[in-house]
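J.: Residue numbering for the sequence shown follows my numbering, beginning at -6 and increasing consecutively.
Ideal Cβ placement from N, Cα and C applies to all residues, glycine included.
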Amino acid sequence: MLYSLIHLLPTLWQFKKNATAQHALTQTILQPYWDKFPALPAKDRRRMRDYPLQFIVFFAEIWAILLQRDLSIKERTRLVLYASSGCLYDDFFDEESVSAETLRLMYLRPNHYEPQNDKERLFVMLMQDLYKTMDNTAVVLRQGFEDTFLKFWEAQVQSQQQARQASLTQEEIWQISEKKGGYAMLLSRFLLDSTLPTGEAETVFRIGAWFQLLDDTLDIDKDLRNGVRTLVTTATNINSIAQKIRLETHTVTQRIAQLAYPKRAKRQASFRFFILSASGYVHVQRLKRLQRTTGEVFRPDQYAPQAMLWVENRWANLCVALPYLLTGFRG
-6 MLYSLIHLLP TLWQFKKNAT AQHALTQTIL QPYWDKFPAL PAKDRRRMRD YPLQFIVFFA
54 EIWAILLQRD LSIKERTRLV LYASSGCLYD DFFDEESVSA ETLRLMYLRP NHYEPQNDKE
114 RLFVMLMQDL YKTMDNTAVV LRQGFEDTFL KFWEAQVQSQ QQARQASLTQ EEIWQISEKK
174 GGYAMLLSRF LLDSTLPTGE AETVFRIGAW FQLLDDTLDI DKDLRNGVRT LVTTATNINS
234 IAQKIRLETH TVTQRIAQLA YPKRAKRQAS FRFFILSASG YVHVQRLKRL QRTTGEVFRP
294 DQYAPQAMLW VENRWANLCV ALPYLLTGFR G
């Protein structure tokens, strides 16, 4: 508790400072692309601007603590290009406007694909420039990136096929979710100019799976509206989600503790990831209150959509999170 008491406010302030700085840098990096495609919807620009935060502020900057160095501008640029192109990639995949096989080619070999519209042109341009920034990276990192993308792509194809089935078990849904989040995060790790020691790829994968679980918890309202089946939207007891978040948060901490980095750096990194878990904890408390109104059975079809909506800047969130943040860290 003492560690949390001393470090909580400075760390929260650092998160805010880093997010502000990264937003400004992301805008600078992406503006030339937006200028070339002025008809790009504001919604897409907003997603392209915000998505890099998860991979940079909420992951790469934390990982840099373990690496005991700052991120370079080239690494930040790579991650911005990767994350912002990921928004467009997800659209292509979800809307099935491009075949899965074509999308694989667009991603891995953008120089060999002839785009059919402006959105594809923007995506191909982002991917071409991403690979240019990797020209002088270690072969093992470039190969790791491509190999991991193939696993990510295969998992999405499998997920798309399974989604057409009448029913999936909670375990099957989780296997799909953890691959999606795990490989997406691992891709971003291969964009850092540091090779991965033994056990690190598995750790980063688990962090990505954990992030996916947190995202699915916060996005329950949107996923329900769009008919997306996740561990949260298909839960019948929200306590199972609370337990899963605790388990995955603990797993992340344990995995980091086993890495060959300085103990102090590992504790700092684990504490930052623990702080991020508070969003899932807070929203689960809200969902638990809703569950109590339906006889302790989770019935999202009976709750007002507004009641399930995650509002990030609500002051009440901090009040709920504070006891958890001060007493829950075991790193």
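Using the rule of at least 16 other Cβ atoms within 10 Å of the residue's Cβ for burial, across every protein chain shown, is Asp111 buried or exposed?
T.: So Asp111 counts as exposed.
J.: Nearest-angstrom Cα distance between Tyr317 and Phe264?
T.: The straight-line gap from Cα to Cα measures roughly 12 angstroms.
J.: The alpha helix (DSSP H) spanning Ile231 covers which residue range?
T.: Element bounds for Ile231: Ile231 to Ala250.
J.: What residue ranges within the region 166 to 234 form continuous alpha helix (DSSP H) runs of no fewer than 4 residues, ordered along the chain?
T.: Taking only runs of at least 4 residues, the alpha helix (DSSP H) segments lying wholly in the region 166 to 234 are 193 to 211 and 213 to 219.
J.: Reducing DSSP to helix, strand and coil, say where Gly288 ends up.
T.: Reduced to three states, the DSSP call for Gly288 is coil.
J.: Compute the Euclidean distance between the alpha carbons of Gln387 and Thr320, then round it to the nearest angstrom.
T.: Nothing can be reported for residue 387: it is not among the residues displayed for the chain, which extend from -6 to 324.
J.: For the structure I just gave you, are there three or more beta carbon pairs, one from the region 101 to 116 and one from the region 59 to 68, closer than 8 angstroms?
T.: Verdict: no, contact absent.
J.: Look up Glu305 in the DSSP assignment and say whether it is helix, strand or coil.
T.: Note: Glu305 maps to coil in three-state DSSP.
J.: Measuring alpha carbon to alpha carbon, tell me which residue in Tyr82, Met(-6), Leu302 and Glu165 is nearest Leu211.
T.: Nearest C-alpha to Leu211: Leu302.
J.: Hey, Lys256 and Leu59 are a contact pair by Cβ (cut 8 angstroms); roughly how many whole angstroms apart?
T.: Between Leu59 and Lys256 the Cβ distance is about 11 angstroms, and since that is not below 8 angstroms, they are no contact.
J.: Let me check understanding here. Comparing Cα to Cα, which of Gly220, Asp186, Gly174 and Gln236 lies closest to Asp208?
T.: Ranking Gly220, Asp186, Gly174 and Gln236 by Cα distance to Asp208 puts Gly174 first.
J.: Report the residue from Phe8, Val117, Arg199 and Ser181 whose alpha carbon sits nearest the alpha carbon of Trp167.
T.: When each option's Cα is compared against that of Trp167, the closest is Arg199.
J.: Assuming Pro293 contacts Leu217 (C-beta within less than 8 angstroms), just tell me the rounded distance between them.
T.: Sure, about 6 angstroms apart at Cβ, within 8 angstroms.
J.: For Thr141, tell me which candidate among Leu180, Ala131, Met120 and Leu1 has the shortest Cα-Cα distance.
T.: Here the closest residue by C-alpha is Leu180.
J.: Pair every Cβ in the region 80 to 94 with every Cβ in the region 22 to 30, then say whether three or more of these pairs are closer than 8 angstroms.
T.: Segments in contact, no.
J.: Roughly how far, in whole angstroms, is the beta-carbon of Trp325 from the beta-carbon of Leu185, given that I think they are within contact range, below 8 angstroms?
T.: Past the edges of the chain, shown from -6 to 324, lies residue 325, and the structure says nothing about it.
J.: For the alpha helix (DSSP H) containing Ala14, name the first residue and the last one.
T.: Here the alpha helix (DSSP H) through Ala14 covers Leu(-5) to Lys29.
J.: Measuring CB to CB, does Arg248 end up less than 8 angstroms from Thr196?
T.: Their beta carbons are under 8 angstroms apart, which means Arg248 touches Thr196 by this criterion.
J.: Apart from the five residues on each side of it in sequence, which residues of its chain come closer than 6 angstroms, Cβ to Cβ, to Arg42?
T.: Here the set comprises Thr19.
J.: Would DSSP call Met127 helix, strand or coil?
T.: Coil.
J.: Among Ala271, Ala300 and Ala297, which residue has its Cα nearest to the Cα of Asn310?
T.: Ranking the options by Cα distance to Asn310, first place goes to Ala271.
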